[in-house]
Amino acid sequence: MEPRIYEIAPEKAREIFGRLENYGIVKVEVENVASLFDDMLDSMEEKLRYAREKLENGNVDKAVLVVKDDTGTLVIKMENVVEIRAVLGDYEKLIEELKLER
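The numbering of the sequence shown is the numbering used here, which starts it at 2 and goes up by one.
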């Protein structure tokens with residue numbers, strides 16, 4: 002199955018992340034090429050807290066929802082340094098609420 006990619010306005014990315022629990026978080030990953038701290042985070046709660054901190058202090062360059070094989074992954078890229086990936090169990094709800102189109 003081909004992946005479906007939905008563009009999300011950068012300003013909406015912060016809003017979505019603030020209520021990410023509404024979409025059934027399955028997994029959160031944060032990659033910060035300027036820091037090793039992200040490699041030391043063990044729990045999903047720590048990763049989520051770190052991701053929210055980065056979102057508060059940085060600029061979102063690009064945000065997309067990638068749907069493939071019944072999995073929805075919100076990908077947020079910030080300042081060419083930080084990438085946040087959140088796998089959502091109820092990504093259809095996000096698509097519906099934001100009226101996203103491919």
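Here a beta-carbon is modelled for each residue, glycine too, at the ideal position from N, C-alpha and C.
Residue i and residue j closer than 8 Å at C-beta
i: residue 92; j: residue 66; result: yes
i: residue 64; j: residue 9; result: yes
i: residue 79; j: residue 61; result: yes
i: residue 17; j: residue 75; result: yes
i: residue 69; j: residue 4; result: yes
i: residue 73; j: residue 89; result: yes
Close Cβ partners of residue i (< 6 Å) along its chain, the five nearest in sequence each way excluded
i: residue 83; result: 33, 55
i: residue 101; result: 7
Nearest candidate by alpha-carbon position, reference residue i, set the options
i: residue 26; options: 99, 4, 87, 79; result: 87
i: residue 47; options: 28, 59, 14; result: 28
i: residue 12; options: 97, 59, 71, 96; result: 59
i: residue 15; options: 96, 40, 2, 77; result: 77
Close beta carbons around residue i, own chain, < 8 Å, minus the five adjacent residues each side
i: residue 42; result: 31, 48, 51
i: residue 81; result: 62
i: residue 103; result: 5, 6, 7
For residue i, the three-state DSSP class (helix, strand or coil)
i: residue 3; result: coil
i: residue 102; result: coil
i: residue 19; result: helix
Report the start-end ranges of each alpha helix (DSSP H) in the segment 41 to 92 that is 4 residues or longer and not cut off at the edges.
45 to 58
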